[in-house]
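Those letters in the sequence shown? Residues -20 to -1, 1 to 378, per mature numbering (1 follows the signal peptide of the UniProt record, and there is no 0), in order. In this text, a Cβ means the ideal position worked out from N, Cα and C, and glycines have one as well. What follows is a set of notes on a single structure, which appears directly below.
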Amino acid sequence: MPLWTIVSAMTTLTPPVAIANPSNHPSAEYIRSIAPLSDFDYTEEFFEHAKCLWDDEGVKACFERSNEYQLIDCAQYFLDRIDSLRQSDYTPTDQDLLRCRVLTSGIFETRFQVDKVNFHMFDVGGQRDERRKWIQCFNDVTAIIFVAASSSYNMVIREDNSTNRLRESLDLFRSIWTNRAARSQTASAPQQPRHSALPALAPAPPSQASPSGPGAHSVSKRASFLPGCYSMQQPQFDVASCQTRSPLHSPLDGALCSEDIRQVSQQTSPGLCPCLPVYQPQNWFLRTISVILFLNKQDMLADKILAGKSKLEDYFPEYARYTLPPEATPDPGEDPKVSRAKFFIRDEFLKISTASGTDKHYCYPHFTCAVDTENIRRVFNDCRDIIQRMHLRQYELL
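Structure representation (structure tokens):
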């Protein structure tokens, strides 16, 4: 409940903020009393107390410092519309629905169609305690949609009040792009996760290998297990398949010599032989998956930049030396300060994606906001380009 969050933060901020109108103290106590209730009807009494608090100058002052605590982004939008929400015949508008915000916990699956093309999307939480669940969704994906809040440059993450939220997004993007996220999640994931099509997520037990190399029985077991380690279930694994699909775990983790590799390869497919000694499974899991980067909340970023209360250079000192690149195309009528800020944030992400110098995967950046109905069209166009590149690379035309 946003009002409860604001009222609670008033006493914890440094320096604290007091309610301006003493007559509003009963309203604050009322909001505190109903906050723990899991099932609550929003009565006329609630709306009256809420309106009194939202009109209080002290509450407004605490709201202006919301970057110092955790407040849901849509708070102001709905609090400004209390008079509409309290009507008995209130019906949510499209804007109301688009502005709703719920923290993602777990994995949510969505299927939809664009121009007769079927899309299968998994929504996963970005919080630190949610990332261990990601490994279940990485099997044979076309692309990763990475959503970063551009307006969060002056905010801290929920789990750690000392970590800048935008820097956390950059670090997480770097981990995904360089494959560190997949490796760390593979190491911590259970061996047989539910709803996963992949058979194993951990290295082979040490008992399968010995100092003198695995015996015939171990090699046979590894050979029979090998096809299941690949996301593309094919009877024959040619070189192109091995270069474009990533195993989570290879039986060769326990192999100690080239003879073991040869035996395993002979019992599966000769096409694997030139590939298996080169590609280590935990090193190339995400390195062929492109990323669609949504730099979200551009409207809120513009409001912050133009307000001038939280300067971007105070949180990112390198911004003071940043100049707009020649290829940057600001929106018509856009304030130059806003253009410079949003392209700086974009270029911070692109520095990561271009540093590796690889052409195995690509980053597709977009400036978006919560009510932008063109986002799905952007996903469609980017996925089409990604698939085309995959096929061109598979046939060595790219």
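Short of 7 Å from the beta carbon of C349, and not among the five residues preceding or following it, lie these beta carbons of its own chain, in chain order: N276, K277, Q278, D279.
CA-to-CA, the gap between A(-1) and V39 works out to about 8 Å.
Taking A128 as reference, the option from E328, T334, T73 with the minimal CA-CA separation is E328. Rounded to whole angstroms, the Cβ separation of P312 and R326 is 18 Å, and the two are not in contact under 8 Å.
Ranked by Cα distance from Y299, the options T309, Q368, Y49, I285 are led by I285. Excluding five sequence positions before and after S149, the CB atoms of its chain that fall closer than 6 Å to its own CB belong to A128, given in chain order. DSSP places I87 inside the beta strand (DSSP E), whose first and last residues are 87 to 94.
Of all alpha-carbon atoms in S270, P316, L304, the one lying nearest the alpha-carbon of F324 is that of L304. Cβ-Cβ separation between I137 and R145: approximately 5 Å, consistent with a contact (criterion under 8 Å). Residue pairing from DSSP places V136 in a beta bridge opposite N144. With contact defined as three or more Cβ pairs closer than 8 Å, the segment 37 to 53 and the segment -18 to -3 are in contact. If you draw a straight line from the Cα of L(-8) to the Cα of S64, it is about 31 Å long. Taking C-beta atoms under 8 Å as the contact rule, I52 and L33 fail to qualify, at a distance of about 16 Å. The Cβ-Cβ distance between F126 and L273 falls below 9 Å.
The beta-carbon distance between N47 and S290, rounded to whole angstroms, is 6 Å. This is short enough to meet the 8 Å contact definition. DSSP places F347 in the strand class (E or B) of the three-state scheme. Taking a 10 Å sphere around the C-beta of L77, we find fewer than 16 other C-beta atoms and assign the residue as exposed. DSSP, reduced to helix, strand and coil, places N98 within a strand of the structure shown. Residues of the same chain with a CB within less than 6 Å of the CB of C54, apart from the 5 flanking positions on each side, are R79, R81 in chain order.
Between C363 and T122, the C-beta spacing is below 9 Å.
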